[in-house]
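S.K.: Throughout the sequence shown, residue numbering follows the working numbering, covering 1 to 161 in sequence.
In this text, a Cβ means the ideal position worked out from N, Cα and C, and glycines have one as well.
These figures come from a predicted structure and were not determined experimentally.
Here it is, the structure, as structure tokens.
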Amino acid sequence: MKRAIYPGSFDPLTLGHVDIIERASRIVDELVVGVLNNSAKNSLFSLDERVSMIKEMTDSMPNVTVSSFDGLLVDYMKEIDATIIVRGLRAVTDFEYELQIAQTNHVENPDVETIFLTTSLQYSYLSSTIVKEFASYGGDLTKFVPARFIDRIYEKYHISK
Ligand code: PNS
């Protein structure tokens with residue numbers, strides 16, 4: 001049984017993340033979407049909000065669960081008995097950082113492997129940071145995030161549409 005984790009901040013979940021979750025869930029037996037409890041970062045959405053937004057989007061995916069973690073990813077993976085990390089690669093700019101964390105995690109625990117899914121072309125420019133920047137100016141988010149989250153994101157910026 002191959003249990004994988006798709007870790008991230010997901011602040012907020014984008015259509016690019018949803019695409020990776022769907023595709024990864026078809027490759028592995030079980031996929032845990034692991035939301036980092038990054039208390040140091042100033043998150044737009046609380047940990048609970050981020051977890052429940054992902055749950056809403058993955059409800060109909062039978063082999064996907066959502067949880068949160070603190071501290072090192074490799075330690076959390078031992079706890080939940082996962083050996084595979086899934087990450088999305090958008091462009092060459094992601095590569096250096098992703099290679100570094102994949103190699104660090106592998107050195108920390110040689111049983112841990114990272115697999116990269118290349119982001120679908122229509123989402124190759126997309127990131128949570130871009131979504132937040134765009135939203136803060138009241139930009140149209142329909143191509144960036146699941147429709148049900150748009151109002152919730154604007155609310156964070158006190159924008160009513
Ligand atoms: O969506 P993000 O913010 O790019 O995700 C980064 C994440 C959560 C994968 C990474 O920061 C992480 O795994 N953090 C937990 C601490 C850790 O294990 N770091 C990797 C070793 S350097």
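Given R23, which residues of its chain have a CB within under 6 Å of its CB, disregarding the five upstream and five downstream residues?
M.R.: L117
S.K.: What do you reckon, is the C-beta of G16 under 6 Å from a heavy atom of ligand 3?
M.R.: Of the ligands this structure carries, namely ligand 1, none is ligand 3.
S.K.: On a CA-only basis, which of F134, A82, L72 and L13 is nearest D29? Give me that one, please.
M.R.: A82
S.K.: Can you tell me which of the three DSSP states S162 falls into?
M.R.: It is not possible to answer for residue 162, since the shown part of the chain is limited to 1 through 161.
S.K.: As a quick exercise: from P62, G88 and P146, pick the residue whose alpha carbon is nearest that of L121.
M.R.: Nearest Cα to L121 within the set P62, G88 and P146: G88.
S.K.: Buried or exposed for F95, please, with buried defined as at least 16 other CB atoms from any protein chain shown within 10 angstroms of its CB.
M.R.: Exposed, since its Cβ has fewer than 16 Cβ neighbours within 10 Å.
S.K.: Name the DSSP bridge partner or partners of I115?
M.R.: Residue pairing by DSSP places I115 opposite V86 in a beta bridge.
S.K.: Use the C-beta contact count for K64: other C-beta atoms within 10 angstroms, 16 or more gives buried, fewer gives exposed.
M.R.: Sequence inspection shows Val at residue 64; the Lys mentioned does not correspond to that position. Under this definition V64 is a buried residue.
S.K.: State the Cα-Cα distance for the pair G71 and T14, rounded to the nearest angstrom.
M.R.: Looking at the two C-alpha atoms, the distance is approximately 24 Å.
S.K.: Helix, strand or coil for G16, going by three-state DSSP, please let me know.
M.R.: helix
S.K.: Please report the residue range of the alpha helix (DSSP H) in which Y157 lies.
M.R.: Taken as a continuous stretch (DSSP letters only), Y157 belongs to no alpha helix (DSSP H), as it is neither H nor E.
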